[in-house]
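Down below is the structure, laid out as structure tokens.
Residue numbers (the numbering used here): 971 to 1073.
Right, dumping it as structure tokens:
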């Protein structure tokens, strides 16, 4: 029912979490993307609303690896520009003395 899609769009604009999961554990964003790709009516505007709000509800203390869209040039932890140094939060040090990227 397209009326539920309108309700979902309104809830997103009011601040609903955009990276929630459904009862079966699937990503609501991924489901919406699949439905929009299949051409189901009403899912394109809902997908646009989800993508527009994506990242707004990220807690940067809990997930420091996610950067704000308008601040992609600096590390959210040390505030150094990313192109001048390697952010150590993303690097694992090995006992042999080398380094590797953190997963």
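All C-beta atoms, glycine included, are put in the ideal place defined by N, C-alpha and C.
Apart from the five residues on each side of it in sequence, which residues of its chain come closer than 7 Å, Cβ to Cβ, to residue i?
i, result
"residue 992", "998, 1001"
Residue i by DSSP, collapsed to three states: which one?
i, result
"residue 991", "strand"
Whole angstroms are fine: how far does the CA of residue j sit from the CA of residue i?
i, j, result
"residue 1019", "residue 1048", "32 Å"
"residue 984", "residue 1012", "19 Å"
"residue 994", "residue 1004", "16 Å"
"residue 1009", "residue 972", "13 Å"
"residue 1023", "residue 974", "19 Å"
"residue 976", "residue 986", "13 Å"
"residue 1021", "residue 981", "14 Å"
"residue 996", "residue 988", "13 Å"
Go through its chain and collect everything with a Cβ distance to residue i's Cβ below 8 Å, but skip five positions before and after it.
i, result
"residue 1014", "1006"
Rounded C-beta distance between residue i and residue j? I'm assuming under 8 Å.
i, j, result
"residue 1016", "residue 978", "6 Å"
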